Amino acid sequence: MIKKLLSALLAALLTLSLAACNKDDSGNVDIPANQTGSADFQKNMHQSTSNDLSTITETDAGFYIQLKGAYIYYIEKGTKGITILCGKPECEHRDSSCNARLHAKSLWYTDGKLYFNNSDSVFENGTYTDRGDCLRSVEADGTNLRVVQDLEFTPGGDTSNWTKYPIQHRGIVYFTYSGIVYAMPLGGDIEKDAVAVWGEESEDAGQGFNLSAPQYTLWADGDTMYFMVNIPQTDGTYKDTLFAYDPETGVVTQVWQTPDADEVGEWISTGVYVSKWYVLDGTIYFYLSGGDFWKTDLATGETAKLANTSDKTKYGEAIFSDDYLCLMNSTPESKDGQQYGIGGNNTIGGNTIYVYGLDGSFIKELSLKPLYDQFGTLESCKLAFCSGSDIYFVADASTQSWSGGVGTMHRNMNLCCVNIETGEITQIYNWD
Numbered sequence: 092m093i094k095k096l097l098s099a100l101l102a103a104l105l106t107l108s109l110a111a112c113n114k115d116d117s118g119n120v121d122i123p124a125n126q127t128g129s130a131d132f133q134k135n136m137h138q139s140t141s142n143d144l145s146t147i148t149e150t151d152a153g154f155y156i157q158l159k160g161a162y163i164y165y166i167e168k169g170t171k172g173i174t175i176l177c178g179k180p181e182c183e184h185r186d187s188s189c190n191a192r193l194h195a196k197s198l199w200y201t202d203g204k205l206y207f208n209n210s211d212s213v214f215e216n217g218t219y220t221d222r223g224d225c226l227r228s229v230e231a232d233g234t235n236l237r238v239v240q241d242l243e244f245t246p247g248g249d250t251s252n253w254t255k256y257p258i259q260h261r262g263i264v265y266f267t268y269s270g271i272v273y274a275m276p277l278g279g280d281i282e283k284d285a286v287a288v289w290g291e292e293s294e295d296a297g298q299g300f301n302l303s304a305p306q307y308t309l310w311a312d313g314d315t316m317y318f319m320v321n322i323p324q325t326d327g328t329y330k331d332t333l334f335a336y337d338p339e340t341g342v343v344t345q346v347w348q349t350p351d352a353d354e355v356g357e358w359i360s361t362g363v364y365v366s367k368w369y370v371l372d373g374t375i376y377f378y379l380s381g382g383d384f385w386k387t388d389l390a391t392g393e394t395a396k397l398a399n400t401s402d403k404t405k406y407g408e409a410i411f412s413d414d415y416l417c418l419m420n421s422t423p424e425s426k427d428g429q430q431y432g433i434g435g436n437n438t439i440g441g442n443t444i445y446v447y448g449l450d451g452s453f454i455k456e457l458s459l460k461p462l463y464d465q466f467g468t469l470e471s472c473k474l475a476f477c478s479g480s481d482i483y484f485v486a487d488a489s490t491q492s493w494s495g496g497v498g499t500m501h502r503n504m505n506l507c508c509v510n511i512e513t514g515e516i517t518q519i520y521n522w523d
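Numbering (this note's numbering), first residue to last: 92 to 523.
1) Of all the beta strand (DSSP E) runs that stay within the bounds of the stretch 143-173, which reach a length of 3 or more residues?
2) What number of angstroms, rounded off, separates the C-alpha of residue 321 from the C-alpha of residue 454?
3) Output needed for residue 448: all residues of its chain with C-beta closer than 8 angstroms, excluding positions within five of it in sequence on either side, in chain order.
4) Starting from the C-beta of residue 436, find all residues in its chain whose C-beta is less than 6 angstroms away, skip the five residues before and the five after it, and write them out in chain order.
5) Which same chain residues, not among the five before or five after residue 502, have their C-beta less than 7 angstroms away from its C-beta?
6) Measuring straight from C-alpha to C-alpha, what distance separates residue 477 and residue 371?
7) Considering residue 454, what are the terminal residues of the beta strand (DSSP E) in which it resides?
8) Assuming residue 338 contacts residue 316 (C-beta within less than 8 angstroms), just tell me the rounded distance between them.
9) Applying the criterion that 16 or more other CB atoms from any shown protein chain within 10 Å of the CB defines a buried residue, is residue 136 buried or exposed?
10) Can you tell me whether residue 354 is helix, strand or coil according to DSSP?
11) Mapping DSSP to helix, strand and coil, what is residue 445?
12) Check residue 524 in the structure and name its three-state DSSP category.
13) Who are the near neighbours of residue 379 in its chain, counting only those whose CB is closer than 6 angstroms to its CB and skipping five residues on each side?
14) Per the contact definition of three or more C-beta pairs closer than 8 angstroms, is the stretch 119-133 in contact with the stretch 150-168?
15) If you drop the 5 nearest sequence neighbours on each side, which residues of the same chain put their C-beta closer than 7 angstroms to that of residue 210?
16) Under the three-state reduction of DSSP, which class applies to residue 256: helix, strand or coil?
17) Residue 250: which of 270, 197, 239 and 261 sits nearest, CA to CA?
18) Quick one: what does DSSP say residue 215 is sitting in, helix, strand or coil?
19) Confirm, please, whether the CB-CB distance from residue 228 to residue 213 is below 9 angstroms.
20) Please name the residue, chosen from 392, 260, 406 and 161, that lies closest to residue 384 on a Cα-to-Cα basis.
21) Can residue 202 and residue 128 be called in contact, C-beta distance under 9 angstroms?
22) CB-CB under 7 angstroms to residue 272, same chain, minus the five flanking residues each way: which ones, in chain order?
23) Just to confirm before moving on: does the CB-CB distance between residue 149 and residue 200 stay below 9 angstroms?
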């Protein structure tokens, strides 16, 4: 396979190199017994544009990543070696008996343990009990599963925000319930320790999915906790609005709102929501698909364009880190003169990444075209996260076959990364 890739590179006269790492579920790297995880919210681990790779946490030695919708894997940073988080030698990693099968909605690592939340029933006192959405933990090897704290006041009572992505920042867990943002110490009692930060209780809580309830994106940076929510305006429109919460004073302040077209020009979701955003050191960096990279000083409200990305690609998908602004070309196809769809079958591109500095300076163009040469069925690539000089992404080479008028999807997903400095692509893991 490596020879095939090198041939494709040489034929295309590309400077990009591609290294393949063939892995299997038996594991070929050891998970370090002692690792250090940040006590701060990991901003760059919450940037994924891929639904197949959105649950990630980073340690000093590697990454814990959920693949195949349920199973946690560990990736070593240096070698890119991968192993499943299950120490059972005879385990086939196919059912709930596998230590790695966590069905995690969120994931972080601190104090030598992996923390995650899900809504599976809890086995207590010889029987399964529905405790609703819970925060749980396992050891670094996947053993000793336990419930850390409840994230619902009434099990199954919050149907307003079923995604429920809590975050942890400096020992505090921030979560939402029935339209309200709460803060609670890690391991605390929800009835005694949860403090309402902002919001009003949803009238439809417990009555079925409430699509009109606030859908929050939680964030933290330094001493401040943030949350973004799309709220109605007096003119009947909606805007993404960023609020800042000071844990010391308990004060919530509106600090930013999606700009109007007369401020930054037109983009795909003009005036409603921002394509991607990232708060760092009191500044919000944001990308407007069809409208470039921007930043706003949250203290002064001053907004400035960072980079004119339209000369590279008019539309795209972005992720950020503390060092880079990363943009992948992703252009909606035209239908009857109208642009539609971002992602999947309705896009053109996904084969080039443009890297910028936080000051907007253009750094490098990275080509993913060798992957398209390798996988003749490659449909798209989706950015996952950026750590150090590596950009991780998912390459979807799934195919669909038809028999008797019935379509069957054959999944072929590939976890890869590309190094910003060298342009080398590493194929880390394949699952189908």
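C-beta: ideal position from N, C-alpha, C; glycine also.
No experiment lies behind these values; they were computed from the predicted model shown.
In short, the structure shows the following:
1) 147-149, 153-158 and 162-167
2) 33 angstroms
3) 414, 415, 416 and 454
4) Caution is warranted here: a pLDDT of 43 is assigned to residue 436, below 50, making its placement in the model unreliable, and the coordinate value is therefore given only provisionally. Closer than 6 angstroms at the Cβ level, and outside the excluded window around residue 436, lies no residue.
5) 489 and 523
6) 15 angstroms
7) 453-458
8) 6 angstroms
9) buried
10) helix
11) strand
12) Coverage of the chain is limited to positions 92 through 523, which leaves residue 524 absent and any answer about it impossible.
13) 358 and 366
14) yes
15) 223 and 224
16) coil
17) 270
18) strand
19) no
20) 406
21) yes
22) 265, 288, 289, 290, 307 and 318
23) yes
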